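**Student:** One structure, pasted below without further comment.
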Amino acid sequence: MTSASSNTTSKLVDGNLFKNLFRAALTWLETNEDAVNSQNVFPIPDGDTGVNMLKTMRSAWNEIAELNSSSIGKVAKAAAHGAWMGGSGNSGVILSQILRGFAAAVEDLDQMGDADLARALGSARDTAYRGVGKPVEGTILTVIKDSAAAAEAYVAQADGARDMMEHVLEACKASVQHTPELLPVLKQAGVVDSGGFGLQVLFEGIVRYANGESLTEAVHTSFTPINIDEMGDVLDIIEPGQEWEVVVDFRPKRELNMQQFYTELETMGNSIQVGMGDELIKMHIHLLAVDRYRPIEYCETLGTVTNVAMENLLDQIAQAEPSLPEITVTEDQILAVTVAPGKGFAERMADGTISVLVGGQTMNPSVQEIQDAFADYPANKIIILPNNKNIFMAAQGAAEASDKDVRVLKTRSAAAAATALLQFNPDGDLDAVYGDMEDAIEDLGLGDLTYAVRDVEIDGVEVKEGQYIGLRNGKLAISTDNLSDAMFQLLEAMEAEDCELMSMFYGKDVTADDASEMVAAIEGRYDELEVELISGGQPHYQYIFSLE
Amino acid sequence: MGIQLVTDSTCDLPQSVIDQYGIHVLPVMVNINGTEYRDGIDISREDFYAQLKNLDNKVGTAATPPRLAAELFESLPADDEILCVMLSSKLSATIDSVTQGASAAGREITMHDSNSISSGLGFQVVAAAEALAGGGSIADAISAAEAVYSKNYLYALLDTLEFLKRGGRVSGLQASVGSVLQFKPLLIVEGGKIEPFLRPRTSKKAFKKLMEIGEGHGKLEKLAIIHADAPDRAEAAKQALAGLVEGEITIVPVTPAIGVHTGPNTIGLAGIMK
Numbered sequence: 000m001t002s003a004s005s006n007t008t009s010k011l012v013d014g015n016l017f018k019n020l021f022r023a024a025l026t027w028l029e030t031n032e033d034a035v036n037s038q039n040v041f042p043i044p045d046g047d048t049g050v051n052m053l054k055t056m057r058s059a060w061n062e063i064a065e066l067n068s069s070s071i072g073k074v075a076k077a078a079a080h081g082a083w084m085g086g087s088g089n090s091g092v093i094l095s096q097i098l099r100g101f102a103a104a105v106e107d108l109d110q111m112g113d114a115d116l117a118r119a120l121g122s123a124r125d126t127a128y129r130g131v132g133k134p135v136e137g138t139i140l141t142v143i144k145d146s147a148a149a150a151e152a153y154v155a156q157a158d159g160a161r162d163m164m165e166h167v168l169e170a171c172k173a174s175v176q177h178t179p180e181l182l183p184v185l186k187q188a189g190v191v192d193s194g195g196f197g198l199q200v201l202f203e204g205i206v207r208y209a210n211g212e213s214l215t216e217a218v219h220t221s222f223t224p225i226n227i228d229e230m231g232d233v234l235d236i237i238e239p240g241q242e243w244e245v246v247v248d249f250r251p252k253r254e255l256n257m258q259q260f261y262t263e264l265e266t267m268g269n270s271i272q273v274g275m276g277d278e279l280i281k282m283h284i285h286l287l288a289v290d291r292y293r294p295i296e297y298c299e300t301l302g303t304v305t306n307v308a309m310e311n312l313l314d315q316i317a318q319a320e321p322s323l324p325e326i327t328v329t330e331d332q333i334l335a336v337t338v339a340p341g342k343g344f345a346e347r348m349a350d351g352t353i354s355v356l357v358g359g360q361t362m363n364p365s366v367q368e369i370q371d372a373f374a375d376y377p378a379n380k381i382i383i384l385p386n387n388k389n390i391f392m393a394a395q396g397a398a399e400a401s402d403k404d405v406r407v408l409k410t411r412s413a414a415a416a417a418t419a420l421l422q423f424n425p426d427g428d429l430d431a432v433y434g435d436m437e438d439a440i441e442d443l444g445l446g447d448l449t450y451a452v453r454d455v456e457i458d459g460v461e462v463k464e465g466q467y468i469g470l471r472n473g474k475l476a477i478s479t480d481n482l483s484d485a486m487f488q489l490l491e492a493m494e495a496e497d498c499e500l501m502s503m504f505y506g507k508d509v510t511a512d513d514a515s516e517m518v519a520a521i522e523g524r525y526d527e528l529e530v531e532l533i534s535g536g537q538p539h540y541q542y543i544f545s546l547e
Numbered sequence: 000m001g002i003q004l005v006t007d008s009t010c011d012l013p014q015s016v017i018d019q020y021g022i023h024v025l026p027v028m029v030n031i032n033g034t035e036y037r038d039g040i041d042i043s044r045e046d047f048y049a050q051l052k053n054l055d056n057k058v059g060t061a062a063t064p065p066r067l068a069a070e071l072f073e074s075l076p077a078d079d080e081i082l083c084v085m086l087s088s089k090l091s092a093t094i095d096s097v098t099q100g101a102s103a104a105g106r107e108i109t110m111h112d113s114n115s116i117s118s119g120l121g122f123q124v125v126a127a128a129e130a131l132a133g134g135g136s137i138a139d140a141i142s143a144a145e146a147v148y149s150k151n152y153l154y155a156l157l158d159t160l161e162f163l164k165r166g167g168r169v170s171g172l173q174a175s176v177g178s179v180l181q182f183k184p185l186l187i188v189e190g191g192k193i194e195p196f197l198r199p200r201t202s203k204k205a206f207k208k209l210m211e212i213g214e215g216h217g218k219l220e221k222l223a224i225i226h227a228d229a230p231d232r233a234e235a236a237k238q239a240l241a242g243l244v245e246g247e248i249t250i251v252p253v254t255p256a257i258g259v260h261t262g263p264n265t266i267g268l269a270g271i272m273k
């Protein structure tokens, strides 16, 4: 991206410049996505802040990409609307509120100066705080608050919008660094708040653009190859523009400049992973169909290609789509909307009055996606089961944006949703049905078994990257190297000896045989416990279960 | 000229009450591996539940044959009137069958559909019998039965859906998650039909829920705790709900014709609200 601003004073920002700045912020966030994700407290491989903020920003960008207006008020309003509809995850939804507050403050302006910017950041802060039931300090909320305060205090000295933004960025960075002091869980995990850091990256993108700096070379992370043995099923997150997966093994003729190699691959596609083994390099990339032979040809120039594996991702996705029954809900009935983390879950939960949103690989659907799951059906009474804490806000957003009578049942796991949906009676009274569903999950124990994507220590539980970790009701409870040990340690932590029934959904990386063996082992250990096993098909999580 | 009161074996009334009012009880039929038994007459509860638990056995029920009804009607004094208070026509073809029997016997009968079953039916039969014993007419007896029906509730908590499914007596219980997650069907008998009410996951929670429902209806005139081969659970329910009625809570073992459909380890509450 070329710099547009070196030839302008950047004291005033109009609609066109705002659009460029917005694109710059988005691009810089794309570049630093992994860095933002790596700040997540929980070392679990989904629901990442970077992914969610990016999804929100892209949805905002889609609203303004084709919009040509010199009025910043018009462009900001459109961007805010797009962000709102695309808001995913808690950080994404708060980001959309920041944009909404910002847009409201500049609504009547064609150009924005430094004092306007300070006012708009104040409005952004107020809107963000209002949108959260119980604001927690040490999060993105604190960071927008500190940024706005810095802007408001600087109005008298500021020399135009660009100067103001640079000043805000410094305050923003300091605020992000301070978040671990406010939120102990961050300090424990040795990270800063990921949402706040994401906001910093967005502000940085704006300033970098204004200063003509590159937006595509990450400064927050450096590229490090991983061990070839650990690559395995490296990346199964598939994004738009990723039509083929290509994996090339080659023996380089001479030592490779890894940074250059990586940069060259970036021009072809994304989701790049490079593994190094004994004199062998394994390269993994996702790209468009037209580009699928390019990395092979490129690797041939670097050495001897020994193996090539190609996979049509679009076809793979089509195969993985669950087959869901048609929604037959009538005007008088209640429609339930639930988010399924995998194919098995989706197929088992769906029926004529239960609309299932498959969480996709990134898991956290946006406000718009949740709305789409019910808006066009005739039912006017809706119960949404988000099945993940990080989807609560988007679900609430979808509820508020709708004219229908929408309730959100705060299910933290798909296993909780399955139990709640068992009580779902589409022909009942909305309050009564909601109450029955809520009752059913009140004392439910929820367990998740997954693996850690990085080292961390939370609440006295020390976790090494790659270890299995067990979450009890969403909180990290145990970690260990062996899956079966992890299961038994988690069951012990959840006092399974006092329970009658375990409903266990096994993930897509677990075979039915392995899962059955696990069930036999559990029933062998706990006499009183009956285990029912269901194929959930969820990625990343070996097992998701409920205990009661 | 008197009035004869007829009901069927699903009323679950004890023999002492039947004798006291001189009520005639027509048996519905229970079928085990092709052999037909008259419910409450040819097969004991003990023998029946032993057979029911063996899932290889083919068990079922059938309406009272018209022949049995005709035989009863023919035996009643020719100038007596006949009132039949019988189990819901939405659950069994017994009302049709008995009506055919009356026609074959050339007898006029007054047929009253209780819209209920088990003690829900039993309460109505007793109310009708009391009205008749007090010198009331058939119309008076029916009003008395209807008055009970309007204040009656009937819940049943099953251990499994298997038996009900086998008998095809309930619909709409098997969609989506209901087919993969086990639950303890908590059912309500309403408008003569069995409707799903709640789906608690464990027997402990289910029992607690049933007790909460019982308490939620407040003080009662009468309460019967019905059970299919679950005397211990029935006794526990009786203890839990002791404060709800002034008199004795009766424990009623259901007749095999009902047990066929509920399966063993079922308990239920039949109450008459104040």
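Sequence order for the protein chains is A and B. Sequence positions in the first sequence follow numbering that gives the first Met the number 0 and run 0 to 547. Sequence positions in the second sequence follow numbering that gives the first Met the number 0 and run 0 to 273. We put the CB at the ideal spot given by N, CA and C, even for glycine. Since this is a predicted model, take the numbers as computed values, not measurements.
Please list the terminal residues of the continuous beta strand (DSSP E) segment that includes B/S249.
**Tutor:** Here the sequence assigns Thr to residue 249 of chain B, which means Ser is not the residue at that position. Looking at the DSSP string, the run of the beta strand (DSSP E) that includes B/T249 is T249 to P252.
**Student:** Which word fits A/E368, buried or exposed, when buried means at least 16 other C-beta atoms lie within 10 angstroms of its C-beta?
**Tutor:** When all chains shown are included, A/E368 counts as buried.
**Student:** List in chain order: all unbroken beta strand (DSSP E) runs of 3+ residues lying wholly within the segment 49 to 77 of chain B.
**Tutor:** The qualifying runs are 58 to 61.
**Student:** Residues of chain A with CB under 8 Å from B/F182, in chain order?
**Tutor:** Residues of chain A passing the Cβ test: L421.
**Student:** Mind the definition here: the segment 127 to 146 of chain B touches the segment 37 to 44 of chain B only if three or more C-beta pairs lie below 8 Å; say whether that holds.
**Tutor:** No, they do not touch.
**Student:** Please confirm if A/I430 has its CB atom under 8 Å from at least one CB of chain B.
**Tutor:** Sequence check: residue 430 of chain A is Asp here, not Ile. Judged by the 8 Å Cβ criterion, A/D430 is not in contact with chain B.
**Student:** Which residue marks the beginning of the beta strand (DSSP E) containing B/L153, and which one marks its end?
**Tutor:** N151 to L156 is the span of the beta strand (DSSP E), which, as asked, contains B/L153.
**Student:** In terms of residue numbering, what span does the beta strand (DSSP E) encompassing B/S88 cover?
**Tutor:** Run containing B/S88: none; DSSP gives neither H nor E here.
**Student:** Are the CB atoms of A/N389 and A/N363 within a distance shorter than 8 Å?
**Tutor:** Taking 8 Å as the Cβ cut-off, A/N363 and A/N389 qualify as a contacting pair.
**Student:** Would you call B/S178 buried or exposed, if buried means 16 or more other Cβ atoms sit within 10 Å of its Cβ?
**Tutor:** Classification of B/S178: exposed, given that the 10 Å Cβ count is below 16.
**Student:** With DSSP run on the structure shown, which of helix, strand or coil describes B/V188?
**Tutor:** Residue state, collapsed to three classes: strand.
**Student:** Would you mind telling me which residues of chain A sit closer than 7 Å to B/T201, beta carbon to beta carbon, in chain order?
**Tutor:** Near B/T201 (Cβ distances below 7 Å), the residues of chain A are E499, L500 and E547.
**Student:** Do you know whose CA, among B/G33, B/G21, B/S91 and B/A69, lies nearest B/I257's CA?
**Tutor:** Considering only alpha carbons, the answer is B/S91.
**Student:** In terms of alpha-carbon separation, which member of A/S90, A/D13 and A/E547 lies closest to A/V50?
**Tutor:** When each option's Cα is compared against that of A/V50, the closest is A/S90.
**Student:** Exposed or buried, A/P183, counting other C-beta atoms within 10 Å across all chains shown (16 or more means buried)?
**Tutor:** Exposed, because fewer than 16 other Cβ atoms sit within 10 Å of the Cβ of A/P183.
**Student:** Compare the C-beta of A/I326 against all C-beta atoms of chain B and say whether one is closer than 8 Å.
**Tutor:** It does not; no Cβ of chain B falls within 8 Å.
**Student:** Taking three-plus beta-carbon pairs below 8 Å as touching, is the segment 248 to 264 of chain B in contact with the segment 217 to 225 of chain B?
**Tutor:** As far as the Cβ criterion goes, the segment 248 to 264 of chain B touches the segment 217 to 225 of chain B, which means the pair count is three or higher.
**Student:** Count the other CB atoms, across all protein chains shown, that sit within 10 Å of the CB of A/M309; report buried if there are 16 or more and exposed otherwise.
**Tutor:** Looking at its Cβ environment, which holds fewer than 16 other Cβ atoms inside 10 Å, A/M309 is exposed.
**Student:** Report the neighbours of B/V244 on chain A: residues whose CB is nearer than 8 Å to its CB, in chain order.
**Tutor:** Under the 8 Å cutoff, chain A gives no residues; its nearest Cβ is about 26 Å from B/V244.
**Student:** Taking 6 Å as the limit between beta carbons, can you name the residues of its chain near A/V407, skipping five residues before and five after?
**Tutor:** The residues are I383, A394, Q395 and A398.
**Student:** Taking C-beta pairs closer than 9 Å, name the residues in chain B that A/E522 reaches, listed in chain order.
**Tutor:** What A/E522 touches in chain B: nothing, since even the nearest Cβ is about 14 Å away.
**Student:** Could you name the residues of chain B that A/M267 contacts, counting a contact when the two beta carbons are closer than 8 Å?
**Tutor:** The contacting residues do not exist; A/M267 stays about 44 Å from chain B at best.
**Student:** Roughly how far, in whole angstroms, is the beta-carbon of B/A241 from the beta-carbon of B/M210, given that I think they are within contact range, below 8 Å?
**Tutor:** No, B/A241 and B/M210 are not in contact; Cβ-Cβ is about 11 Å, not under 8 Å.
**Student:** What residues in its chain sit with their C-beta under 7 Å from that of A/T303, if we drop five residues either side in the sequence?
**Tutor:** These residues qualify, in order along the chain: F249 and R250.
**Student:** In the DSSP output, which residue or residues are listed as bridge partners for B/Y36?
**Tutor:** In the DSSP output, where bridge partners are listed per residue, B/Y36 has B/V29.
**Student:** At a Cβ threshold of 8 Å, is A/D526 touching chain B?
**Tutor:** Cβ-Cβ to chain B under 8 Å: no for A/D526.
**Student:** Could you spell out the range, first to last residue, of the beta strand (DSSP E) harbouring A/Y433?
**Tutor:** Taken as a continuous stretch (DSSP letters only), A/Y433 belongs to no beta strand (DSSP E), being part of the alpha helix (DSSP H) at L429 to I440.
**Student:** Run through DSSP, which three-state label would A/T410 get?
**Tutor:** Note: A/T410 maps to coil in three-state DSSP.
**Student:** Leaving out five residues before and five after B/F196 in sequence, what residues of the same chain have Cβ atoms less than 6 Å from its Cβ?
**Tutor:** Same-chain partners within the cutoff: L185, L186 and I187.
**Student:** Buried or exposed: which applies to A/N6, given that a residue is buried once 16 or more other Cβ atoms fall within 10 Å of its Cβ?
**Tutor:** A caution first: A/N6 carries a pLDDT of 36, below 50, which makes its placement in the model too unreliable to give a value.
**Student:** For A/R347 and chain C, any beta-carbon pair shorter than 8 Å?
**Tutor:** Absent here is chain C; the protein component of the structure consists of chains A and B.
**Student:** Along the chain, where does the alpha helix (DSSP H) containing A/P538 start, and where does it finish?
**Tutor:** Premise fails: A/P538 is in no alpha helix (DSSP H) and is neither H nor E.
**Student:** Taking only the alpha-carbon atoms, compute the straight-line gap between A/E320 and A/M392 and give it to the nearest angstrom.
**Tutor:** Straight-line Cα distance between these residues: approximately 26 Å.
**Student:** Strictly under 8 Å for the Cβ-Cβ distance: is A/D435 near chain B by that measure?
**Tutor:** Chain B contact via Cβ: present.
**Student:** Put B/P13 into one of helix, strand or coil per three-state DSSP.
**Tutor:** Coil at B/P13, not helix or strand.
**Student:** Under 8 Å by Cβ, that's how I've got B/I82 and B/A140 pegged, so tell me the actual separation to the nearest angstrom.
**Tutor:** A small correction: the amino acid at residue 82 of chain B is Leu; Ile does not occupy that position in the sequence shown. Rounded, the Cβ-Cβ distance is 6 Å, consistent with contact.
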